[in-house]
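A.B. asks:
There are 2 protein chains.
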Amino acid sequence: MKYAEINADRLWSRQLETDRIGATPAGGVHRMALTPEDIESHRLIAEWAFARGFAVDLDEIGNMFITRAGSDPELPPVAAGSHTDSQPMAGRFDGMQGVLAAFEALEAIDDAGIRTRHPLTVAIWNNEEGPRFLPACMGSAVYAGVIGLDKVIGQRDADGIALADCISDLEAAIPDAGRWPLGAPLAAFLESHIEQGIELESSGNIIGIVHGMQGYRRWTVDVIGEDAHSGTMPASRRRDAFVAATDIAVALRKAFADDTDEMRFTIGRFEVRPGGISVVPGHVHFTIDMRHPSGEALERQGARVEEICRENAGRCEVKVVPTSSAESIIFPEDLREKFQSAAEWRGYGHQPIFSRAGHDARHILRICPSGMIFIPCKDGISHNEAESAEKEHCAAAAQVLADVMVELAGRA
Amino acid sequence: MKYAEINADRLWSRQLETDRIGATPAGGVHRMALTPEDIESHRLIAEWAFARGFAVDLDEIGNMFITRAGSDPELPPVAAGSHTDSQPMAGRFDGMQGVLAAFEALEAIDDAGIRTRHPLTVAIWNNEEGPRFLPACMGSAVYAGVIGLDKVIGQRDADGIALADCISDLEAAIPDAGRWPLGAPLAAFLESHIEQGIELESSGNIIGIVHGMQGYRRWTVDVIGEDAHSGTMPASRRRDAFVAATDIAVALRKAFADDTDEMRFTIGRFEVRPGGISVVPGHVHFTIDMRHPSGEALERQGARVEEICRENAGRCEVKVVPTSSAESIIFPEDLREKFQSAAEWRGYGHQPIFSRAGHDARHILRICPSGMIFIPCKDGISHNEAESAEKEHCAAAAQVLADVMVELAGRA
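This is the structure we're talking about:
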C-alpha cells in the first residue's frame, strides 16, 4: 500500500514564502482579512494549486477552496484547512500553519499517486480574526449557517471600505477561480493550528488532539461622562469617563480573579474620547472578552458584568451590551481516535488537549464531523510578532492530516 | 472727546457667522488648527478686514495680524486677540470670542473716528489648542521666542500632513495678505476669553480681570508588556499593559487627590495597542496633565509622578517622559488697573480672577506688557460642544478692550 509522505522542506519553504506577505520588521505579519496582503496570500496559494492541477473555487463570503478530485464526483469532499488572515502586528503561524499543512497533505497524497473516493479540499476560511470585519470566524460562521450572509455583507471597515468590495477584489485577484456554493456539504473538516499555550511545550509532545473548545462571552461597554477643560474644571465637578472606566476595569478584574487560573478575562480595546491632552474625557468605549472552559462558570460570572459596571461608574452613565457568545463544545470521539492512531503510527508524542482559543472548526462542526490537532508554539506566545513554531512540528501536523484525510476519503 | 461704542449686534452676528465654520450637530465647532475650516475662518475675518480698509498680514508660523494704522508709523502696535482654532468637537467661544472682541474694538474705534498714535492690531495666534500640532500655544510661543521656529516647523500631523504645507495653504487662501516679521515688537497685548470656570457666573460679575495664570507640567507614559492571545494566555503569565496602566492611573489619581480641590490632574489621552478584542494589550501610551496655582505644589507633586508609575507597573516596564511645563505667572498691575477703570466707567460688575487655563498671553507677556479679561461661560463648561456665552457679555469684553486700547495707543 502506498502512503503519503510529507515533504518537510517544501512545506517549510512555502511557510517562508507566505511569511513575506505583510511581514513586519520584528518577524511577524500584519495581514488583516481581505487587505491587499491577505488577498496576495490567497493569490499565491491559488497559483501553487493551479500549477499542481488542483481546482480553485471561491464562495460568496470569500472562503477559498482548493480541491483534488476524487473517484466519485457525487461524494462531498474531505476538507482540511484554517485561515490566512492575522491580527494586527501578529504572528506568522496562526492560521497559515493549518492552511499550508492541509495544502502539503494534498500534495503529498498526490505525490504518492493515491486515488481517493471522496475529493480532498483545502478550505481557507475568510476573516477568522475579526479586527477589521465582524464577527471573528466570519467565513466559517456564514458557511455553516450560524449567521446569515445578509447579516454581515453590508458592513464597512473603520476606513469605510465595504466588505463586499473587498470580496470582489479577492475574486478579481484570482480570475480563474470557480464558484463554490455557500454551505455545500463536506464529509469532514480537519484543522491543524499552533497551540497558543504551553501544554505541549511543557510535556514534550508534538501533537495535541483537541477534545473540546472553551466558550466565550463578549460585551462592549460605553461610559458616558462630560468633556471638560483640564485646567479649569475642578475634580469635584468633573464627570470624567476615564476615571469611571478605570474604576470599572479594576473592579471587573478583581471580581473575576481566579486562584485556579482558568478564567480568561481581557479588556483588549479601550478607546478614550475626545483624546486631547488637556480635555477631561467624556466618553470611553471598551470591550470585554471572557472565556472559561466551564459553561456554568461563564454563565455565572458573565451574569455579574453589567452590575459591576453600574456599581463602579461613579458620576457617569454606563451602557453594557452583550455582543457575542459561544458555548463550550466537544469534538467527535471517532475523529479524535483517528488522529491518535495516525500520530501513534508515525511515532509522534501526542496527548489530549483543550482549546482555549476559538477556531473555525467550532462552526464547521455544525455541518460535518470536525476535529483539530495542535502543535507546540514557543512559550505559548501568539497574537504577537514573536510567535514561533518548529519546522518538524509543522511537518508532523501535515503528516497526520494527510494520513487521516486518506482514511476518511477512502482509497479508490 | 469721542469714545468708541461697541455695536453688540454686529459683534454677535460675526460670532454666529464664524460658528458655522466647522459647526457640529450638537452646536459646537470642530475646527482644529490649519484645517480647511480653521483656514476658512481666517479667510472670512481677513475679508471683513479688507472691506474695512485694515491691513492683513501673516508671519512665518501662521499668525495673522489685522492692523488699523496709527498716526506715528514708527510706533509698535497695541494688539489684542486670541485664536480661531478649537479642540476636537469643542465649543464655539473658546478663542473666537477674543478674536471677534478685538476686531469689534477696532471697528468701533474706527466708527468713532478716533485717531491713535500707535497702530491697533488684532492678533490671531496660530494653533493655540494643540491636538493636531505640538506644542499648544505654538504661534505665540514661536512669536515670543519661547521655542524656535526650526523646532516646530518640520512636524506632521497624525495623517502625515506637514505643518509647513498647512501654513502655505493659509497663505494661499489670503493672497492679498502682507508679510509680518516674526517677533516684531508690540506695545502691549490684551486678550479676552471665556472664563471656562464658574467664578463669574457664581458672583454675577461680567468682567474678570486676570491677575495670573496657573502653571502646568505634562508627561507621556509608555507602559510596555507583551501582546498575547486572550483565550489561551493565563492571567498568571500575562504581561498585560492595560492592567498595569489602569493600576498606575488609579494610583496617580489617589496620590494627587486634594481636599482643597485646587489640583487639576487629568489623563486625557490613553491609547491601548494593538487594540484587538481578543488580544491582551502589550502597550499603553498615555498623557498626564497636572496644573496647580502654586508653583511649589506643582514642583513637589510632579516630582512623585515617575516613582508612582514605576511602583504600580507590575510585570510591565514603564517609561515616563516630561514633555512640557510652564511656571505660574502674574500679569502687570498697571494693565489690570486700566481694565478695572474701564469696567468701572462702563458700569460692568468686575472682580479679580485667576486663570486655570493656559492662554497665548502667557507667552506674549515675555515680549510686551500683557493682560487678560474673562467673561462668564455657562456652567463653566468648555472644551465641549455645550460651551456657551451671552451676547451682552461678549459686547462688554469688546468695550473694555476698545477703551483700554485707545488709552494705550494714545489719541493722535
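Residue numbers (this note's numbering), protein chains in the order written: chain W, 40 to 451; chain C, 40 to 451. Every residue, glycine too, gets a C-beta built ideally from N, C-alpha and C. Values in this document were obtained by computation on a predicted structure and should not be read as measured data.
1) Counting only Cβ pairs nearer than 7 Å, list the residues of chain W close to P127 of chain C.
2) Count the other CB atoms, across all protein chains shown, that sit within 10 Å of the CB of T57 of chain W; report buried if there are 16 or more and exposed otherwise.
3) Using the rule of at least 16 other Cβ atoms within 10 Å of the residue's Cβ for burial, across every protein chain shown, is P170 of chain C buried or exposed?
4) By the criterion of Cβ-Cβ separation under 8 Å, what are the contact partners of N166 of chain C in chain W?
5) Could you check the C-alpha separation between R349 of chain C and T299 of chain W for me, to the nearest Å?
6) From Q235 of chain W to F281 of chain C, what distance separates their C-alpha atoms?
7) What's the gap between the Cα of A271 of chain W and the Cα of E426 of chain C?
8) Could you say which of W:R53, W:M40, W:G264 lies nearest to A434 of chain W if we only look at CA atoms?
9) Between the Cα of A296 of chain W and those of C:S394, C:L291, C:A274, spot the shortest distance and give me the residue it belongs to.
10) Is it right to say I369 of chain C is buried, meaning 16 or more other beta carbons lie within 10 angstroms of its own, or is it exposed?
11) Jot down the residue ranges of each uninterrupted alpha helix (DSSP H) in the segment 225 to 272 of chain C, minimum 4 residues, whole runs only, in chain order.
12) The alpha helix (DSSP H) with E86 of chain W in it runs from where to where?
13) In the DSSP assignment, what are the bridge partners of E310 of chain W?
14) If you follow the beta strand (DSSP E) that A389 of chain C is part of, which residue opens it and which one closes it?
15) Between which residues of its own chain and I306 of chain W is the CB-CB distance below 7 Å, once the five residues before and five after are set aside?
16) Look up G217 of chain W in the DSSP assignment and say whether it is helix, strand or coil.
17) Taking buried to mean at least 16 other C-beta atoms within 10 Å of its own C-beta, is P116 of chain W buried or exposed?
18) Could you check whether the Cβ of T63 of chain W sits closer than 8 Å to any Cβ belonging to chain C?
19) Check whether the segment 235 to 245 of chain W and the segment 308 to 315 of chain W are in contact - that is, three or more C-beta pairs closer than 8 Å.
20) Just checking: is the beta-carbon of N423 of chain W within a distance shorter than 8 Å of some beta-carbon in chain C?
21) Pop quiz: L221 of chain C and Y182 of chain C are said to be a contact at Cβ under 8 Å. What is the actual Cβ separation, rounded to whole angstroms?
22) Contact defined as beta carbons within less than 8 Å: I believe F304 of chain W pairs with L291 of chain W. What is the distance between those atoms, to the nearest angstrom?
23) Just to confirm before moving on: does the CB-CB distance between R107 of chain C and L159 of chain C stay below 8 Å?
24) Between C176 of chain W and G397 of chain W, which are expected to be in contact by the criterion C-beta below 8 Å, what is the C-beta distance as a whole number of angstroms?
25) Return no unless some Cβ of chain W is closer than 8 Å to the Cβ of A336 of chain C.
26) Give me whichever residues DSSP pairs with L159 of chain W in a beta bridge.
27) Output the distance between the C-alpha atoms of D111 of chain C and H157 of chain C, rounded to the nearest integer angstrom.
28) Quick check on DSSP: helix, strand or coil for H30 of chain W?
29) For the beta strand (DSSP E) that A94 of chain W lies in, which residues bound it at each end?
30) Mapping the DSSP letters down to three states, classify H122 of chain W as helix, strand or coil.
31) Assuming the contact rule is C-beta atoms closer than 8 Å, A152 of chain C and K41 of chain C should be a hit. Round their C-beta distance to whole Å, please.
32) Would you report the Cα separation of I263 of chain W and C355 of chain W, rounded to the nearest angstrom?
33) Please go through the same chain and pick out, in chain order, the residues whose beta-carbon is closer than 8 Å to the beta-carbon of H81 of chain C, but skip the five residues on each side of it.
34) Measure the Cβ-Cβ separation of H422 of chain W and V185 of chain C and say whether it is below 8 Å.
35) Could you name the residues of the same chain whose beta carbon sits closer than 8 Å to that of P127 of chain C, not counting the 5 residues immediately before and after it, in chain order?
36) How about R375 of chain C and I248 of chain C: do their beta carbons lie closer than 8 Å?
C.D. replies: This is what the structure gives:
1) Those within 7 Å of P127 of chain C in chain W are P313, G315.
2) So T57 of chain W ends up on the buried side.
3) It counts as buried.
4) Simply none; closest approach about 13 Å.
5) Rounded to the nearest angstrom, the two C-alpha atoms are 28 Å apart.
6) For Q235 of chain W and F281 of chain C, the distance between alpha carbons rounds to 21 Å.
7) First, the residue type needs correcting, since residue 271 of chain W is Thr and not Ala in the sequence shown. Going by C-alpha positions, T271 of chain W is about 13 Å away from E426 of chain C.
8) Closest by alpha carbon: W:R53.
9) The option with the nearest alpha carbon to A296 of chain W is C:A274.
10) Residue environment: I369 of chain C is assigned as exposed (fewer than 16 neighbouring CB atoms within 10 Å of its CB, all protein chains considered).
11) Along the length of the segment 225 to 272 of chain C, whole alpha helix (DSSP H) runs at least 4 residues long occupy 238 to 242, reported in chain order.
12) In the DSSP assignment, E86 of chain W falls within the alpha helix (DSSP H) that extends over 75 to 91.
13) Note: E310 of chain W sits in a beta bridge opposite W:H324, C:E310.
14) Sequence inspection shows His at residue 389 of chain C; the Ala mentioned does not correspond to that position. Start and end: 389 to 394.
15) A288, F325, T326, I327, listed in sequence order.
16) G217 of chain W falls in the strand class under three-state DSSP.
17) Counting other Cβ atoms within 10 Å of its Cβ, P116 of chain W reaches 16 or more and is therefore classed as buried.
18) Against chain C, the CB of T63 of chain W has no partner CB under 8 Å away; the residue lies outside that interface.
19) Cβ pair count under 8 Å is below three, so no.
20) Closer than 8 Å to some Cβ of chain C, the Cβ of N423 of chain W qualifies, so yes.
21) Indeed they touch by this definition, with Cβ atoms about 6 Å apart.
22) In this structure, F304 of chain W and L291 of chain W form a Cβ contact; the two beta carbons are roughly 7 Å apart against a cut-off of 8 Å.
23) It is a contact, given that the beta carbons lie within the stated cut-off.
24) Contact flag correct, Cβ pair sits at about 6 Å.
25) Proximity of A336 of chain C to chain W, defined by a Cβ-Cβ separation below 8 Å, is not satisfied.
26) Looking at the DSSP output, L159 of chain W shares a beta bridge with W:R107, W:V117.
27) D111 of chain C and H157 of chain C have their C-alpha atoms some 6 Å from each other.
28) Residue 30 of chain W lies beyond the stretch modelled for chain W, which goes from 40 to 451, so this question has no answer here.
29) That run of the beta strand (DSSP E) goes 94 to 97.
30) In this structure, H122 of chain W counts as coil in the three-state DSSP scheme.
31) Sequence inspection shows Gly at residue 152 of chain C; the Ala mentioned does not correspond to that position. Their Cβ separation, rounded to whole angstroms, is 6 Å, which keeps G152 of chain C and K41 of chain C in contact under 8 Å.
32) Going from the Cα of I263 of chain W to the Cα of C355 of chain W covers about 6 Å.
33) If we look at H81 of chain C and ignore the five residues flanking it on each side, its Cβ neighbours are M103, T123, I163, L209, A212, I213.
34) Against a cut-off of 8 Å, the Cβ pair of V185 of chain C and H422 of chain W comes out as no contact.
35) For P127 of chain C, where only same-chain residues beyond five positions count, the Cβ hits under 8 Å are H69, M71, P170.
36) Yes. Within cutoff.
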